[in-house]
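For reference, the structure discussed in these notes is given below.
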Amino acid sequence: MSVIFLLIIFSLLLAIGFLLAFIWSVRDGQFEDDYTPSVRILFEDENTAPKESTKEDV
Amino acid sequence: MENQIVTEQLVKCYHCGDECKDTVIIKDDLNFCCEGCRLVYEILNENNLCRYYQMNEKPGISPGRPSHQEQFAYLDQPEILSGMLQFSEGGTQAVQLFIPQIHCSSCIWLLEHLNKLQEGIIRSRVDFVKRSLLIYFKEQDTSLRKVVELLASLGYMPVLQMDLLESGKVPAKSKEEIYKIGIAGFCFGNIMLFSFPEYFSLNSFQEPGFNHVFNYVNLGLSLPVFFYCSKGFFRTALNGLKQRFLNIDVPIALGILVMFLRSIVEIVWGYGSGYLDTMAGLVFFMLIGRSFQNKTYQTLSFERNYKSFFPVAVLCRREGREVGVQVSDLKKGDRILIRNEELIPADALLVKGNACIDYSFVTGESRLINKQAGELIYAGGKHKGGIIELEIVKAVSQSYLTQLWNQDAFNSEKLSDKFQQLVNRISHYFTIVLVLIALAGLSWWYYHADPAKAWNAFTAVLIIACPCALAISSPFTLGNVLRIFGRKKFYLKNASTIEKLANADTLVFDKTGTLTRNKQVDVNFSGIALSALQTIHLASLLRQSAHPISKQLFDYLAVEGKVPVAGFQEITGKGIKGVVDGVEWVMGSAEFLGLEDTEIDQLTTRTYLRVNGNLLGFFSLGNKYRDGLRSMIDHFKSKNYRMVVLTGDNEGEESRLRDLFGANTHLRFRQSPADKLQAVQELQQQGSNVLMIGDGLNDAGALRQSDIGISISDDVNNFSPACDAILDAGSFRLLPSFLKAARASKEIILISFCVAILYNIVGLWFALQGTLSPVFAAILMPLSSITIISLTTGLSGWASRRIA
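Chains as they are written, first to last, in the numbering used here: chain A, 1 to 58; chain B, 1001 to 1804.
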């Protein structure tokens, strides 16, 4: 039963690791724009190869 | 009432949705309003990007004037480049551009697929809320100039100034908020996990050292919560105490402190395992509640800036024509025409005309400032005089206008914010009552010789009582209602206006422009016919004024040419005069021209015309009342609203109005602006709570005097800062529903107060008996907050759903 001490230590370390990852992501600016990604996921991938006709250089 | 439905076959542009008025350009069986739109379509079509049109209807923006070759040449200069580029390394460059035209998902889609349209662009990313675009491109294959030219050709002209991204939010602050929530949540979850043995009383199965280990781990986890995450609460509470004011954070801070100390005592002395889970939970949920509140305000301001309807329109010169454009659709470089008494909606340069600007809206001083061509005029000023032409320099900021509106010099009454006061008073008494109850519990148990239970009860009371629900019910309800109203084109100044709406018991209506429609009016002229030249002169005179009658006559005359008018004067509600080509023109009511009102025509308004001293005749305008007016009036009668109609017009309409309003309504004719103001004052002296609706032009004083003034907007720029709300003419018939919803929101707030108090009573019941278990406390508080939030949001949404 005393193995539970070891387990607690490991689980805490793991959890703290995730917390640090969270802090890293916030600092990196992942949560700055929380609206546009919600629109972006609705776009579909498609084959957008340019048409055969003359493609003007804009 | 007549209901004329005129259907025309409108041809709309496939790209931008504008009407194709004169020229229709057809390509691939699709209609376009101009070459620019067609070009954009072709570009997209050739590059297989027509998905742009599938995601939204008519998502495009007309690119406007085609850019000259050299318009963006300056972007090739290295000094400019270094100022604008975000990043330049190893052949890759990045720039962040502010593009205010971004307004839908199609825009996002297209702007993130720019790499399909230009070789050198690597990738691009949109931030919709900030309206910004971050583009990475290869220095070799393209340049900033080419990128900007591409954007301009698509209709997404960026605003190119050094520091332009609207800094509404402070990113650093919101990051700290996220950190706090993240850490609090982390600790809360883990503390609860490590409290499982305690919850399920597994202590007997373990070695004696175990619960100590768990307790100290919990203590360790609670440290960041207490010292970092709760910083905000302690700071606000201390500030409040310094000013001898018990704000809402004081009981919260007190609860956190007591829980922490009691838990330390219990753990270190071995009495128990403390209330650390409750403490962490409280902090976590309070932080979420605050963040949610802030988000609601941000969403609200976002909506009010970009989605909600600031129903002010200005005359804009587009493609050689003068059209009415919503203030929110104005861009930098647009040429706008401002008439007498109209508001300058954005910072602009004076191009033509003499401007006399009244900045009382902004500074509080009513001094008229003269401006010459080439000078900059700031947003918020009101122009007095003949028509002027301006070029917009900075995009319209609805938030700035709303801000001005709220802090304008007319805002002398602070006591209108009753709800905020109520909350403050409640939080003040809440703490005092709470401490008294806690002391009562303490002394009670001491008296019954149970000191352990005494301290138990004392601290439990301080822990369980939560004022948070009280604090959030009002802003959530009002914020939700404000948002819903805005969607329905009823734009309120701020949240406390809702309460004013609910309190009104007397409705005062202006007639011209409020009860009657501004468009599609029958006009007839009796008298000496005007020559073509005279018609042009008359139109030029009428053009200077923003009065509904001037507009109606101008539309009726429908001439293209115009000549300058000197010495233009408008006497509000009476008439206009000016000198055209050396001849004096006077136009207005019979009284204004010094005539006797001999025949009072039953159904029309007469406007007389005198040129160079000769009376030429008069225009008679048929009054068309707005749709839905009768049912609206009947509704108000059934709800026992008192109604009054004030009009500057003569008694010609009396029988018509009597027919609509009934015998009990007070009708007053020939009211000058001062008369209207007096009428409102009289009503108030009789104890009425007055709601007034007018067009804001000739009843500004009365609007300001009323307890709540609503300015009705019919595609015009007659926004008067004296009003508390702007209502779009199309939503006029929804007025009964709006008032109903306002009253309902008052009830909703009271209901949520009661629910919050109920929760507190339940909690106190257990706390005073000393039987408050940690689990119970941990569940009760978040439960109360969540209940209040869902209750207020749900009920206010339901009450407003009936606004059809």
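All C-beta atoms, glycine included, are put in the ideal place defined by N, C-alpha and C.
Could you give the first and the last residue of the continuous alpha helix (DSSP H) run that contains residue i?
| i | result |
| --- | --- |
| S1745 of chain B | L1735 to L1768 |
| Y1041 of chain B | E1035 to E1046 |
| T36 of chain A | T36 to R40 |
| N1456 of chain B | P1451 to I1464 |
| Q1101 of chain B | Segment: none, Q1101 of chain B is in no alpha helix (DSSP H) and carries neither H nor E. |
| W24 of chain A | V3 to R27 |
| S1540 of chain B | A1532 to R1543 |
| R1244 of chain B | Per DSSP, R1244 of chain B belongs to no alpha helix (DSSP H) and is neither H nor E. |
| F1661 of chain B | E1654 to F1661 |
| G1209 of chain B | G1209 to P1224 |
| M1055 of chain B | R1051 to M1055 |
| A1700 of chain B | A1700 to Q1705 |
Under the assumption that residue i contacts residue j (Cβ atoms under 8 Å), give the Cβ distance between them as a whole number of angstroms.
| i | j | result |
| --- | --- | --- |
| C1754 of chain B | E1319 of chain B | Incorrect: roughly 59 Å between the Cβ atoms, too far for contact. |
| I1708 of chain B | L1501 of chain B | 6 Å |
| V1225 of chain B | A1280 of chain B | 5 Å |
| D1522 of chain B | G1381 of chain B | With a Cβ gap of about 36 Å, D1522 of chain B and G1381 of chain B do not count as contacting. |
| L1515 of chain B | L1629 of chain B | 6 Å |
| A1460 of chain B | G1770 of chain B | 7 Å |
| A1454 of chain B | W1445 of chain B | 4 Å |
| K1138 of chain B | G1091 of chain B | 6 Å |
Could you tell me which residues DSSP puts in a beta bridge with residue i?
| i | result |
| --- | --- |
| Q1510 of chain B | The amino acid occupying residue 1510 of chain B in the given sequence is Asp; Gln does not appear at that position. Paired residue(s): B:L1646. |
| R1125 of chain B | B:L1134 |
| A1192 of chain B | This sequence places Met at residue 1192 of chain B; Ala is not what is there. Per DSSP, none; premise fails for M1192 of chain B. |
| Y1625 of chain B | B:T1516 |
| D1728 of chain B | B:S1713 |
| K1027 of chain B | B:L1030 |
| A1379 of chain B | Answer is none; A1379 of chain B lacks a bridge partner. |
| H1666 of chain B | B:V1644 |
| D1358 of chain B | B:L1368 and B:K1382 |
| S1620 of chain B | B:N1524 and B:R1606 |
| Q1326 of chain B | B:A1313 |
| L1085 of chain B | B:V1095 |
| Y1491 of chain B | B:I1726 |
| R1145 of chain B | R1145 of chain B is not bridged to any residue. |
| I1336 of chain B | B:C1316 and B:L1390 |
| A1546 of chain B | According to DSSP, A1546 of chain B bridges with nothing at all. |
What does a CB cutoff of less than 6 Å around residue i pick up in its chain, not counting 5 residues either side in sequence?
| i | result |
| --- | --- |
| F1284 of chain B | A1184, G1185 and F1188 |
| S1416 of chain B | Caution applies to S1416 of chain B, whose pLDDT of 41 falls short of 50 and renders its modelled position unreliable; the value that the coordinates give is listed next. Cβ neighbours of S1416 of chain B beyond the five flanking positions: S1496. |
| N1218 of chain B | I1191, F1194 and L1276 |
| L13 of chain A | none |
| G1168 of chain B | For G1168 of chain B, the pLDDT reaches just 35, beneath the cut-off of 50, and the residue's location in the model is therefore unreliable, although a value from the coordinates is still provided. Hits under 6 Å: none found. |
| L1110 of chain B | Y1052 |
| Q1326 of chain B | A1313 |
| S1412 of chain B | Here S1412 of chain B scores only 46 on pLDDT, less than 50, and its place in the model is too uncertain to base an answer on. |
| I1248 of chain B | S1427, P1467 and A1471 |
| R1262 of chain B | T1459 |
| V1170 of chain B | Note that V1170 of chain B has pLDDT 38, beneath the 50 cutoff, so the model's placement of it is unreliable and no number is given. |
If you follow the beta strand (DSSP E) that residue i is part of, which residue opens it and which one closes it?
| i | result |
| --- | --- |
| F1200 of chain B | Element bounds for F1200 of chain B: n/a, residue is neither H nor E. |
| W1585 of chain B | V1583 to G1588 |
| A1348 of chain B | A1348 to K1352 |
| L1691 of chain B | V1690 to G1694 |
| I1576 of chain B | G1575 to V1580 |
| I1498 of chain B | Per DSSP, I1498 of chain B belongs to no beta strand (DSSP E); it is in the alpha helix (DSSP H), S1496 to N1503. |
Output needed for residue i: all residues of its chain with C-beta closer than 7 Å, excluding positions within five of it in sequence on either side, in chain order.
| i | result |
| --- | --- |
| G1662 of chain B | K1637 |
| F1618 of chain B | S1526, G1527, R1606, T1607, Y1608 and L1609 |
| G1333 of chain B | E1391 and I1392 |
| P1251 of chain B | F1430, T1431, L1434, A1465 and P1467 |
| N1056 of chain B | C1104, S1105 and S1106 |
| G1270 of chain B | none |
| D1163 of chain B | Note on D1163 of chain B: pLDDT 44, under 50, position unreliable in the model; the coordinate value appears next. So no residue of the chain qualifies. |
| S1800 of chain B | V1481, I1484 and A1741 |
Given residue i, which residues of its chain have a CB within under 8 Å of its CB, disregarding the five upstream and five downstream residues?
| i | result |
| --- | --- |
| E1166 of chain B | At E1166 of chain B, the pLDDT of 39 sits below 50, so the modelled position is not reliable and the matter cannot be decided from this model. |
| E1198 of chain B | N1211, F1214, S1273 and P1774 |
| I1264 of chain B | L1219 and G1274 |
| T1792 of chain B | I1472, S1473, F1476, T1477, N1480, I1748, I1749 and S1752 |
Listed from N- to C-terminal order along the chain, which residues in the stretch 5 to 20 of chain A have their beta-carbon within a distance smaller than 9 Å of any beta-carbon of chain D?
Within the model displayed, chain D is absent; protein chains A and B are what it includes.
Residues in the stretch 1112 to 1144 of chain B having any Cβ partner in chain A nearer than 7 Å:
K1116, L1117, Q1118, V1126, D1127, F1128 and V1129
Listed from N- to C-terminal order along the chain, which residues in the stretch 1086 to 1109 of chain B have their beta-carbon within a distance smaller than 7 Å of any beta-carbon of chain A?
S1105, I1108 and W1109
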